[in-house]
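Reviewing the structure listed below.
In our numbering, the protein residues as written are 177 to 221.
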């Protein structure tokens, strides 16, 4: 599905939230959580 994708980053430049055209239709987001060492600890939507 063509369309706009949005990306949000934290102050360290890490991707924390994204949203593609398909997710926008359902008002959904994808997220990434990081631990204190900067490692990915959880990814979901």
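For glycine and all other residues, C-beta sits at the position ideal for the given N, C-alpha and C.
Residues 208 of the same chain have their beta carbon placed closer than 6 Å to that of residue 219, with the five preceding and five following residues left out of the count. Rounded to the nearest whole angstrom, the CA to CA distance from residue 214 to residue 191 is 11 Å.
Comparing alpha-carbon positions, the option among 188, 181 and 216 lying closest to residue 197 turns out to be 181. Residue pairing for residue 203: DSSP places it in no beta bridge. Per DSSP, residue 179 is not a residue of any beta strand (DSSP E), being assigned neither H nor E.
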